[in-house]
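Reading through the structure tokens given below for one structure.
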Amino acid sequence: MKCPICKKEITPASEYSPFCSERCKIIDLGNWASEKYVISTPIQPGEEPPELHDDDGESG
């Protein structure tokens, strides 16, 4: 198994699994906090997709 941040080989029994170290664990947490990662949800039937906005706040 490889650390998702630095790609170093690790074992599943590692103290910081799935990361190799506390440093990589904190980097991953920072990525979530800065919204580098996003969990998208599929659009449900009958649901409108969110509108896109230009920089001036106008839709379209």
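Here the sequence shown stands for residues 7 to 66, where the numbers follow the working numbering. Glycine residues also receive a C-beta, built at the ideal position from the N, C-alpha and C atoms.
**Prompt:** Which residue comes first and which comes last in the alpha helix (DSSP H) that contains CYS30?
**Reply:** 28 to 39
**Message:** With three or more beta-carbon pairs closer than 8 Å as the criterion, would you say the segment 45 to 54 touches the segment 22 to 37?
**Reply:** no
**Asked** Among ILE33, PRO48, GLU21, which one has its Cα closest to the Cα of LYS42?
**Response** ILE33
**Item:** Span separating the alpha-carbon of MET7 from that of ILE16
**Value:** 6 Å
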